[in-house]
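Asker:
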Amino acid sequence: MILRKYMSMLGIGSAKIDLQLPKHEYAPGENVSGTFLIEGGTIEQQIKRIECDLVMTTLTDETEEVIDSATILTSQTIESEETNRMEFNFQLPKDIPASTPERTFQFKTRLIFNEGVKSADLDKIIITH
Numbered sequence: 001m002i003l004r005k006y007m008s009m010l011g012i013g014s015a016k017i018d019l020q021l022p023k024h025e026y027a028p029g030e031n032v033s034g035t036f037l038i039e040g041g042t043i044e045q046q047i048k049r050i051e052c053d054l055v056m057t058t059l060t061d062e063t064e065e066v067i068d069s070a071t072i073l074t075s076q077t078i079e080s081e082e083t084n085r086m087e088f089n090f091q092l093p094k095d096i097p098a099s100t101p102e103r104t105f106q107f108k109t110r111l112i113f114n115e116g117v118k119s120a121d122l123d124k125i126i127i128t129h
């Protein structure tokens, strides 16, 4: 049991998060709703928070800009092998530019634990006008 605890602190067998969206194309000002799927690892872990950033990447100058962020503070415990779902809602800005081959958007999601490394997930979306 102690070995499992230390392995999860290193990221081996720790809980994982996946942002599940019903579609991948959105208009400016639209509400993005989906589900965070949290899957328990080999041991019980205490979740501290979930952070989700909408990031715009510009390929021409290789820059990343955080458009907006959402944070869910929690003291939830995820049991070993347990699966939990949490609702996700995110309002896109009305003045967000459209996606282009040089400009992409993605949600970067992080699951932060009281002990151990964080779990991360990336989900690309397309902004249309």
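Every letter in the sequence shown is one number past the one before it in the UniProt record's numbering, and letter 5, counting from 1, is 5.
Using N, Cα and C, we set each Cβ at its ideal position, and we do this for glycine too.
Computed from a prediction, not measured in an experiment: that's the story for all the values here.
From the DSSP secondary-structure annotation, give me the bridge partner or partners of Leu37.
Answerer: Bridge partners of Leu37: Asp18, Arg85.
Asker: Taking Cβ positions, are Thr104 and Thr63 nearer each other than 8 Å?
Answerer: No; because the gap between Cβ atoms is not below 8 Å, this pair is not in contact.
Asker: In chain order, what residues of the same chain have a beta carbon less than 8 Å from the beta carbon of Ser75, not counting five sequence neighbours either side?
Answerer: Excluding residues within five positions, the ones whose Cβ falls inside 8 Å are Gln46, Ile47, Lys48.
Asker: If you drop the 5 nearest sequence neighbours on each side, which residues of the same chain put their C-beta closer than 6 Å to that of Val55?
Answerer: The answer, listed in chain order, is Glu64, Val66, Gln106, Lys108.
Asker: Taking only the alpha-carbon atoms, compute the straight-line gap between Ala120 and Ser80 and give it to the nearest angstrom.
Answerer: In a straight line, the C-alpha of Ala120 is about 18 Å away from that of Ser80.
Asker: Let's test the definition: count the other Cβ atoms within 10 Å of the Cβ of Leu73 and tell me whether it reaches 16, buried, or not, exposed.
Answerer: Classification for Leu73: exposed.
Asker: CA-CA distance, Ile112 and His129?
Answerer: Their backbone Cα atoms lie some 34 Å apart in a straight line.
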